[in-house]
Amino acid sequence: MSPLALGVAAATTCAILAFVAFLLSGPSETDEMARRLSRYGAAGTDAAAANAGGVAPANFRDLLDKVTGSLNPLLARTSHTGKLADDLQRADLRIKSSEWVLAVLGIGLLLGVILALRYGVVWVFFVGFGGVWFLSGFYLRFRQRKRTRAFNNQLGDTILLLSNALKAGYSFSQALTTVSKSAGPPIGEEFARATREIQLGIPVDDALNHMVERNKSEDFDLLVTAVQIQRVVGGNLAEILDTIAHTIRERIRIQGEIRTLTAQARFSGWIITLLPVGLAGFLSLISPDYFHPMFTQTAGRIMLGVGLFSMAIGVAFIQKIVKIEV
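Here the sequence shown stands for residues 131 to 456, numbered as in my numbering.
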């Protein structure tokens, strides 16, 4: 057997194992608690844990915990592990860093092997693997922007709820607790976490600053700054919150109108970017001989370079047009 075939077989095995492990890594916190309690107790608890286990039995969960646990010391040596954990949290992905790395490696290896077998050259494997790695970062940023947008859309009403709680005579910590119980996700989850931090002894200002670091919201940063100033110089915090809520709600309304007016231009930007790349990939997949001269001949390379340069200019101009600061 040739070295290429051996490498492909090994990569395929690793990819399948990593992908299966990723599929088995999806229990919620409630399912995990039920599984752990099942070790101590009665048949009813065992049945509940079995039902909560979903697709994978407990022994597969234990195997996955061992695999990810062995990866954690390796990831702890790198400087990107903490940033990856923060990025997963901002993207509302409740998985560990080791599970995310395992999933990306598995999918990347699987796609690289498929492309290498399809085209019969080794370098295509690295193209597929690098593409999955790049798209995983893009997916994380997309989830983060989506969550931040949902957070900002809830912020105006949440500040009014906070102001009403203060007007009712609650302290600021009690008002935070009220908001955490009344608001929906994702902002309710963030306030609940801040409330737990305050109950554990973290100062209120530090808990609010942690929320700002997790969410990267300019509107919420404005709120936290106003609250911190009021705690130093005094004043009617409820009236300050009403003013901030009105400002934030107007800003969100204007941003919504801008997104509506620029939707066509933004969609055109996506078409300009994705259509040529998708068409080139489709032609290369179904008819490699037809598209092969674009990579091997000088004229084809020049055409690809000019096309990529023109696409970059078009995307830059469209982004400049549709990006309006409010």
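The C-beta atom is built at its ideal place from N, Cα and C for all residues, glycine as well.
### Query
When you compare only the Cα positions, how much space is there between I244 and L235?
Counting from 1 along the sequence shown, the entry for residue 244 is found at position 114. Counting from 1 along the sequence shown, the entry for residue 235 is found at position 105. C-alpha separation (whole angstroms): 14 angstroms.
#### Entry: Y300, enclosing alpha helix (DSSP H) - first and last residue
Working through the sequence shown from its first residue, we reach residue 300 at position 170. Looking at the DSSP string, Y300 is not in any alpha helix (DSSP H), and its letter there is neither H nor E.
### Y170, buried or exposed, once every other Cβ within 10 Å from all chains shown has been counted against 16
By one-based count along the sequence shown, residue 170 stands at place 40. With a pLDDT of 48 at Y170, under the threshold of 50, the modelled position of that residue is not reliable, and the figure given next carries that caveat. The residue in question, Y170, is exposed, as its Cβ has fewer than 16 Cβ neighbours within 10 Å.
### Query
Which whole runs of the alpha helix (DSSP H) in the segment 326-401 are 4 residues long or more, in chain order?
334-345, 348-363, 367-391
### Query
Is it true that the segment 337-349 meets the segment 319-327, where meeting means three or more beta-carbon pairs spaced less than 8 angstroms apart?
yes
### Query
Beta carbon of R396, beta carbon of R220: below 8 angstroms?
Against the sequence shown, residue 396 aligns to sequence position 266. Against the sequence shown, residue 220 aligns to sequence position 90. No. Outside cutoff.
### Message
Tell me which residues share the same chain as T392 and place their Cβ nearer than 6 angstroms to its Cβ, disregarding the 5 neighbours each side in the sequence.
### Response
For the purposes of this step, residue 392 is taken as residue 262 along the sequence shown, with counting starting at 1. Counting only Cβ-Cβ distances below 6 angstroms, and skipping sequence neighbours, we find V452.
### Beta-carbon spacing of G242, F264 below 8 angstroms
The count along the sequence shown starts at 1 and reaches residue 242 at position 112. The count along the sequence shown starts at 1 and reaches residue 264 at position 134. It is not a contact, given that the beta carbons lie outside the stated cut-off.
### Query
Cβ of K346 within 8 angstroms of Cβ of T278?
Sequence index remark: in the sequence shown, residue 346 carries index 216 (1-based). Sequence index remark: in the sequence shown, residue 278 carries index 148 (1-based). Yes.
### Message
Taking only three categories from DSSP, how would you classify I244?
### Response
Within the sequence shown, numbered from 1, the residue matching residue 244 stands at position 114. Here I244 sits in helix by DSSP.
### Query
For the alpha helix (DSSP H) that G435 lies in, which residues bound it at each end?
Residue 435 sits at position 305 when you count from the first residue of the sequence shown. Note, G435: alpha helix (DSSP H), 428-452.
### Query
Can you tell me whether DSSP reads P418 as helix, strand or coil?
For the purposes of this step, residue 418 is taken as the residue at position 288 of the sequence shown. It is helical.
### Message
Taking the alpha-carbon of R381 as reference, which of T355, D372, D349 has the nearest alpha-carbon?
### Response
As a working mapping, residue 381 is identified with position 251 in the sequence shown. For R381, the nearest C-alpha among the options comes from D349.
### Query
Roughly how far, in whole angstroms, is the beta-carbon of L85 from the beta-carbon of I317, given that I think they are within contact range, below 8 angstroms?
Past the boundaries of the shown model lies residue 85; the chain is included only from 131 to 456, so the question cannot be answered.
### Query
Excluding five sequence neighbours on each side, which residues of the same chain lie with their C-beta closer than 7 angstroms to the C-beta of D398?
The residue labelled residue 398 in the question sits at position 268 within the sequence shown. Residue identity differs from the one stated: residue 398 is Ser in this sequence, not Asp. These residues qualify, in order along the chain: I448.
### Task
Select from P333, I332, M341 the residue whose C-alpha is nearest the C-alpha of S310.
Translated into the one-based positions of the sequence shown, residue 310 becomes position 180. Of the listed residues, the one whose Cα sits closest to S310 is M341.
### Task
Work out the CA separation of I332 and R431 for me, nearest whole Å.
Along the sequence shown, one-based indexing puts residue 431 at 301. Along the sequence shown, one-based indexing puts residue 332 at 202. About 59 angstroms.
### Message
Can you check which of these residues, E387, F425, A375, is closest to D287 by C-alpha distance?
### Response
Residue numbering aside, residue 287 sits at position 157 when the sequence shown is read from its first letter. Taking only the C-alpha atoms, the option nearest D287 is A375.
### Task
Have a look at R224, F259, A446 and flag the residue whose alpha-carbon is nearest the alpha-carbon of L270.
For the purposes of this step, residue 270 is taken as the residue at position 140 of the sequence shown. Residue R224 is the option with its Cα nearest to L270.
#### Entry: Which of helix, strand or coil DSSP assigns to V280
The residue labelled residue 280 in the question sits at position 150 within the sequence shown. First, the residue type needs correcting, since residue 280 is Ala and not Val in the sequence shown. Helix at A280.
### Message
Judging by CA-CA distance, which residue of I443, G411, L415, E455 is the nearest neighbour of Q385?
### Response
Along the sequence shown, one-based indexing puts residue 385 at 255. Of I443, G411, L415, E455, the smallest CA-CA separation from Q385 is found for E455.
### Query
Just checking my contact of A215 with S227 at CB under 8 angstroms: how many whole Å lie between their CB atoms?
Looking up residue 215 in the sequence shown gives position 85. Looking up residue 227 in the sequence shown gives position 97. Rounded, the Cβ-Cβ distance is 5 angstroms, consistent with contact.
### Message
Using only the alpha-carbon positions, how far apart do F259 and G267 sit?
### Response
One-based indexing of the sequence shown puts residue 259 at position 129. One-based indexing of the sequence shown puts residue 267 at position 137. Distance between the alpha carbons of F259 and G267 is about 13 angstroms.
### Query
Run through DSSP, which three-state label would I225 get?
Along the sequence shown, one-based indexing puts residue 225 at 95. It is coil, neither helix nor strand.
#### Entry: Distance, A442 Cα to L371 Cα
In the sequence shown, counting from the first residue as 1, residue 371 sits at position 241. In the sequence shown, counting from the first residue as 1, residue 442 sits at position 312. Taking the straight line from one Cα to the other gives about 43 angstroms.
### Task
Indicate whether A368 and L290 have their beta-carbon atoms separated by less than 8 angstroms.
Residue mapping note: residue 368 aligns to position 238 of the sequence shown, counting from 1. Residue mapping note: residue 290 aligns to position 160 of the sequence shown, counting from 1. No, the pair does not count as a contact, with Cβ atoms beyond the cut-off.
### Message
Below 8 angstroms on the Cβ atoms is my contact criterion, and I expect G238 with V262 to pass it. Report the Cβ-Cβ distance as a whole number of Å.
### Response
Stepping through the sequence shown from its first residue, residue 238 is reached at position 108. Stepping through the sequence shown from its first residue, residue 262 is reached at position 132. Contact flag correct, Cβ pair sits at about 4 angstroms.
### Query
In this structure, does DSSP put E455 in helix, strand or coil?
Walking along the sequence shown from the start, residue 455 turns up at place 325. If DSSP states are grouped into helix, strand and coil, E455 belongs with coil.
### Task
Inspect the beta-carbon positions of S305 and L292 and report whether they are closer than 8 angstroms.
Here residue 305 is taken as the residue at index 175 of the sequence shown, counted from 1. Here residue 292 is taken as the residue at index 162 of the sequence shown, counted from 1. One detail in the question is off: residue 305 reads as Ala in this sequence, not Ser. Their beta carbons are under 8 angstroms apart, which means A305 touches L292 by this criterion.
### Per-residue burial, W400 [other beta carbons within 10 Å of its own, 16 or more giving buried]
Here residue 400 is taken as the residue at index 270 of the sequence shown, counted from 1. Looking at its Cβ environment, which holds fewer than 16 other Cβ atoms inside 10 Å, W400 is exposed.
### Task
Note down the Cα distance separating S312 from R379, rounded to an integer number of angstroms.
Taking the sequence shown and counting its residues from 1, the one referred to as residue 312 is at position 182. Taking the sequence shown and counting its residues from 1, the one referred to as residue 379 is at position 249. Taking the straight line joining both Cα atoms gives about 19 angstroms.
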